[in-house]
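Engineer:
Numbering (the working numbering), first residue to last: 5 to 867.
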């Protein structure tokens with residue numbers, strides 16, 4: 005039962021597994037069922053769930069007739085009401101793609117949970133009696149996945165419900181408490197304030213980037229101090245906010261923050277252990293602070309370090325981890341692409357220690373089961389490491405690895421015993437009666453630190469033995485042939501369990517964990533009871549607040565939020581949720597409440613002519629060009645035109661058009677087009693598609709090597725990859741038409757094609773990316789609109805008018821930006837009007853785009 009008397013039914017359906025293809029059904033997925041034959045063509049689950057099933061037009065003539073009715077009437081004429089119901093997946097038994105039969109059990113709620121307050125409207129659509137009758141008739145049912153699984157929503161709700169238990173909850177609820185002190189004055193903590201490390205930071209980070217690194221490390225250290233002082237509040241040091249406008253080195257800054265925070269955390273970790281040993285020995289070090297553990301805990305830790313336990317005892321207890329857990333950092337972002345970029349940066353560039361030696365921390369990437377990872381990320385993926393560990397593991401391999409680890413453990417035990425003997429000898433030199441020097445204390449600390457590292461190295465082999473033990477049962481079953489012929493389900497179940505257990509060990513032993521916001525709330529984190537002292541969230545302005553709560557539920561005492569509130573926010577489809585500010589980010593709310601944010605202000609991407617307008621309009625004219633950008637803008641390679649002149653490659657640059665188009669970093673093309681709408685409601689502009697294709701073909705024709713291809717035309721092997729191109733647009737339908745046009749012209753897009761250097765996508769999908777040249781198709785046109793529509797600004801521009809989407813679109817290019825759009829329509833919006841007026845003032849507008857394309861096509865035909 006449910007609220008308002010709604011009844012829940014559990015229904016199991018059997019179906020042909022082959023019909024599912026490569027799709028996967030998981031628990032908490034929402035399935036929509038309909039008991040009638042859908043019309044020709046693909047029908048989305050959301051159309052089913054709305055109770056209106058789209059009737060596909062049979063031919064182009066039908067489409068033209070429908071279009072003649074006007075936008076609203078045409079869509080209404082294509083819709084037909086059907087009855088359907090939704091179910092929440094409880095269990096799925098489908099085996100592998102080759103299996104013929106599968107079954108899915110779903111929970112069905114015939115009445116909505118607010119049944120008493122909805123005017124019984126839901127009962128007209130689906131009620132228990134009619135649903136049971138339809139189920140009893142044993143129709144052939146058809147179902148479709150509806151959007152994303154509810155597991156993400158449940159995770160977000162769980163984090164929100166636990167908010168009161170977060171160490172950061174007071175700062176989250178009352179961010180004004182963080183407005184304290186003079187911003188920008190934080191200094192590096194002592195643990196990473198050595199001269200060499202400070203010089204490294206000064207050489208590799210500009211002023212604002214250095215401030216971000218310094219502030220995050222300082223506040224993390226203060227938060228760590230508060231954790232060891234009962235009753236002390238986090239106050240203004242709970243969060244560090246970093247605003248990263250386009251091209252300002254945000255990812256580079258994050259790498260520096262992680263380096264400094266990791267260094268501070270582990271310096272304190274080793275210091276804590278050595279201080280525990282000295283406390284147990286009653287050795288007082290000048291300047292030593294208060295210890296965070298009790299005398300009994302210090303004695304237990306000291307006994308463990310100085311009296312290495314036997315292997316069997318150690319496997320039963322993780323003394324070092326329990327009494328002095330390693331500091332952990334959780335790095336998250338809303339998208340897999342952002343998480344992978346950060347993870348790859350740490351794996352490839354590694355960190356710098358205080359002596360300027362490179363080291364790589366133990367990192368792990370947590371990813372969803374179906375996510376594909378590149379080779380670098382796969383090396384540290386918990387899933388891929390577990391799969392590789394298990395793959396092909398025979399009894400012989402298992403025995404060999406087991407003996408090898410046992411031998412290594414014994415070797416480390418001998419080394420540990422030797423160090424223990426040396427340390428005990430040095431202990432007596434520290435007797436106050438013998439007047440010990442600072443060098444004596446430093447020598448003891450160095451030896452204790454090395455002893456801890458030996459224990460850690462030995463623990464890696466003990467962890468390896470633990471992983472082997474998790475695999476032993478499946479190895480035995482393989483060696484006895486018990487899995488052969490046992491059926492796919494059993495084999496998959498046994499291997500899945502072993503793989504999950506192995507994944508958990510890799511996650512447990514990591515120092516830095518990389519995950520999407522949603523995956524940070526999966527059951528592995530909760531079952532292991534992991535604690536993360538510091539959380540860093542990239543693209544924080546693109547995530548809703550409830551998304552950002554998920555990684556903060558593991559005891560974090562400091563959080564770094566990095567993002568740009570002037571770029572795209574979280575995607576919220578529900579209008580009601582949007583009105584309730586569901587899509588507002590934590591970063592945006594904090595900034596609105598006056599919490600200080602460090603704004604990176606030196607951009608390394610755009611030429612000055614491209615940077616000028618977005619800097620002035622979106623960032624208060626605060627962005628300045630980095631030295632590399634200034635040098636490029638003054639060099640012989642500053643524009644495509646100058647680049648081609650200096651290289652002497654490609655066809656001759658023969659006129660005014662070449663100079664005006666290629667010697668400018670920024671041009672706006674006025675194109676009068678017409679809008680067409682897809683069945684799903686997305687817009688396109690065929691005239692702009694033609695112009696974009698023509699501009700790309702013109703540009704690449706100028707950049708191709710001389711004489712290659714038939715009759716001087718660029719060949720398939722022509723090296724155009726030297727200039728990367730992005731073709732972007734606000735609408736999916738326009739993106740699809742652009743892809744179709746490029747494929748028709750060049751065969752395909754990508755490697756081995758004449759269009760090998762272009763990526764065509766929506767603006768939203770392009771956020772965070774960059775290209776040498778970007779061609780933006782704005783799509784919206786008022787030429788086919790009625791006079792009443794022209795008066796309604798929102799009808800003309802739709803979500804193109806979102807200035808954050810506009811900001812993303814015009815800040816992706818490095819060398820050249822071409823904007824294609826209907827200037828009359830665009831100027832109905834204040835921001836676009838400002839851009840066009842700026843372009844006109846700088847003489848960067850071309851109103852003859854269509855004529856240019858015709859002339860180029862004519863010239864090509866005459867060759």
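Note that CB positions come from ideal geometry on N, CA and C, so glycine has one too.
Keep in mind the model is a prediction, meaning the values are calculated, not measured.
I need the boundaries of the alpha helix (DSSP H) containing residue 701, first residue and last residue.
Structural biologist: Its alpha helix (DSSP H) spans residues 690 to 707.
Engineer: Smallest Cα separation from residue 365: which of 387, 390 and 334?
Structural biologist: Out of 387, 390 and 334, 334 has the C-alpha closest to the C-alpha of residue 365.
Engineer: Could I get the ranges of all uninterrupted beta strand (DSSP E) runs contained in the stretch 755 to 790, with 3 residues as the minimum, in chain order?
Structural biologist: Complete beta strand (DSSP E) runs here, min 3: 762 to 766 and 775 to 781.
Engineer: Here's the rule I'm using: 16 or more other beta-carbon atoms within 10 Å means buried, otherwise exposed. How should residue 348 be labelled?
Structural biologist: The residue in question, residue 348, is buried, as its Cβ has 16 or more Cβ neighbours within 10 Å.
Engineer: Report the residue ranges of all alpha helix (DSSP H) runs contained in full by the stretch 438 to 516; include only those spanning at least 4 residues, in chain order.
Structural biologist: Segments of the alpha helix (DSSP H) lying fully in the stretch 438 to 516: 442 to 483 and 492 to 512.
Engineer: Decide if residue 832 is buried, meaning its Cβ has at least 16 other Cβ atoms within 10 Å, or exposed.
Structural biologist: Buried is the call here.
Engineer: So, with DSSP's three-state summary, where would you put residue 13?
Structural biologist: Three-state result, residue 13: strand.
Engineer: Whole angstroms are fine: how far does the CA of residue 830 sit from the CA of residue 66?
Structural biologist: Caution applies to residue 66, whose pLDDT of 48 falls short of 50 and renders its modelled position unreliable; the value that the coordinates give is listed next. Near 32 Å, if we compare the C-alpha coordinates of residue 830 and residue 66.
Engineer: Going along the chain, which unbroken runs of the beta strand (DSSP E) with 3 or more residues stay wholly within the stretch 342 to 399?
Structural biologist: Taking only runs of at least 3 residues, the beta strand (DSSP E) segments lying wholly in the stretch 342 to 399 are 367 to 369.
Engineer: Can you tell me whether residue 883 is buried or exposed? The criterion is at least 16 other CB atoms within 10 Å of its CB, across all chains shown.
Structural biologist: Residue 883 is absent from the model: the chain starts at 5 and stops at 867.
Engineer: Alpha carbon to alpha carbon, how far is residue 681 from residue 145? Give it in angstroms, no decimals.
Structural biologist: So the two alpha carbons sit approximately 31 Å from each other.
Engineer: Between 261, 176 and 179, which lies nearest to residue 212 when the distance is taken from Cα to Cα?
Structural biologist: Nearest of 261, 176 and 179 to residue 212, Cα basis: 261.
Engineer: Just to confirm, is the Cβ distance from residue 809 to residue 767 under 8 Å?
Structural biologist: Cβ distance < 8 Å, so residue 809 and residue 767 count as in contact.
Engineer: Where residue 617 and residue 645 are concerned, what is the direct C-alpha to C-alpha distance, given to the nearest angstrom?
Structural biologist: Looking at the two C-alpha atoms, the distance is approximately 22 Å.
Engineer: For residue 687, which of 359, 626, 785 and 17 has the nearest alpha-carbon?
Structural biologist: Ranking the options by Cα distance to residue 687, first place goes to 785.
Engineer: Enumerate in chain order the residues of its own chain whose CB-to-CB distance from residue 485 is below 6 Å, with the five nearest sequence positions on each side excluded.
Structural biologist: The answer is none, since no qualifying residue turns up.
Engineer: By DSSP's criteria, residue 20 is part of a beta bridge. Which residues make up the other side?
Structural biologist: Note: residue 20 sits in a beta bridge opposite 105.
Engineer: For the candidate residues 107, 184 and 159, whose alpha-carbon lies nearest to that of residue 147?
Structural biologist: For residue 147, the nearest C-alpha among the options comes from 107.
Engineer: Which value, in whole angstroms, describes the spacing of the CA atoms of residue 538 and residue 839?
Structural biologist: Taking the straight line from one Cα to the other gives about 41 Å.
Engineer: Short of 6 Å in beta carbon distance, which residues of its chain neighbour residue 62, apart from the five on each side in sequence? Order them along the chain.
Structural biologist: Bear in mind that a pLDDT of 40 at residue 62, under 50, signals an unreliable position, so the number given afterwards is only what the model happens to contain. If we look at residue 62 and ignore the five residues flanking it on each side, it has no Cβ neighbours.
Engineer: Output the boundary residues of the alpha helix (DSSP H) element that contains residue 620.
Structural biologist: Taken as a continuous stretch (DSSP letters only), the alpha helix (DSSP H) holding residue 620 covers 612 to 622.
Engineer: Just confirm the distance between the C-beta atoms of residue 14 and residue 109, as a whole number of angstroms; I'd bet it's less than 8 Å.
Structural biologist: Right, their Cβ atoms sit about 6 Å apart.
Engineer: Reducing DSSP to helix, strand and coil, say where residue 522 ends up.
Structural biologist: Residue 522 falls in the coil class under three-state DSSP.
Engineer: Looking only at its chain, what residues have a beta carbon closer than 7 Å to the beta carbon of residue 627, apart from the 5 residues adjacent to it on each side?
Structural biologist: The answer, listed in chain order, is 249, 605, 607, 615 and 619.
Engineer: On the criterion of 16 or more Cβ atoms from any shown chain inside 10 Å, does residue 477 qualify as buried, or is it exposed?
Structural biologist: Exposed: under 16 other Cβ atoms inside 10 Å.
Engineer: Quick check on DSSP: helix, strand or coil for residue 201?
Structural biologist: Residue state, collapsed to three classes: helix.
Engineer: From the DSSP output, read off the bridge partner residues of residue 603.
Structural biologist: Its beta-bridge partners are 247.
Engineer: What is the DSSP secondary structure of residue 93, counted as helix, strand or coil?
Structural biologist: DSSP places residue 93 in strand when its eight states are reduced to three.
Engineer: Sorted by chain position, which residues of the same chain lie with C-beta nearer than 6 Å to residue 836's C-beta, five sequence neighbours on each side aside?
Structural biologist: Same-chain partners within the cutoff: 830.
Engineer: Counting C-beta neighbours from all protein chains within 10 Å, is the total for residue 276 16 or more, i.e. buried, or is it exposed?
Structural biologist: With 16 or more Cβ atoms within 10 Å of its Cβ, residue 276 is classed as buried.
Engineer: What's the call for residue 853, buried or exposed, on a 16-neighbour Cβ count within 10 Å?
Structural biologist: Buried, because 16 or more other Cβ atoms sit within 10 Å of the Cβ of residue 853.
Engineer: Kindly list the residues whose CB is nearer than 7 Å to the CB of residue 506, restricted to its own chain and excluding five residues on each side of it in sequence; keep chain order.
Structural biologist: These residues qualify, in order along the chain: 390, 393, 394, 471 and 474.
Engineer: Out of 550, 524 and 353, which one is the CA nearest neighbour of residue 160?
Structural biologist: Selected option, being the one with the closest Cα: 550.
Engineer: For residue 879, does the count of other Cβ atoms within 10 angstroms reach 16, so buried, or fall short, so exposed?
Structural biologist: The chain is shown only over 5 to 867; residue 879 falls outside these bounds and no answer can be derived.
Engineer: Near residue 154, what residues of its chain come up, given a Cβ to Cβ distance below 7 Å and the 5 sequence neighbours on each side ignored?
Structural biologist: Answer for residue 154: 32, 34 and 92, listed in chain order.
Engineer: Taking the alpha carbon of residue 190 as the reference point, which residue from 175, 219 and 214 has its own alpha carbon closest?
Structural biologist: Of the listed residues, the one whose Cα sits closest to residue 190 is 219.
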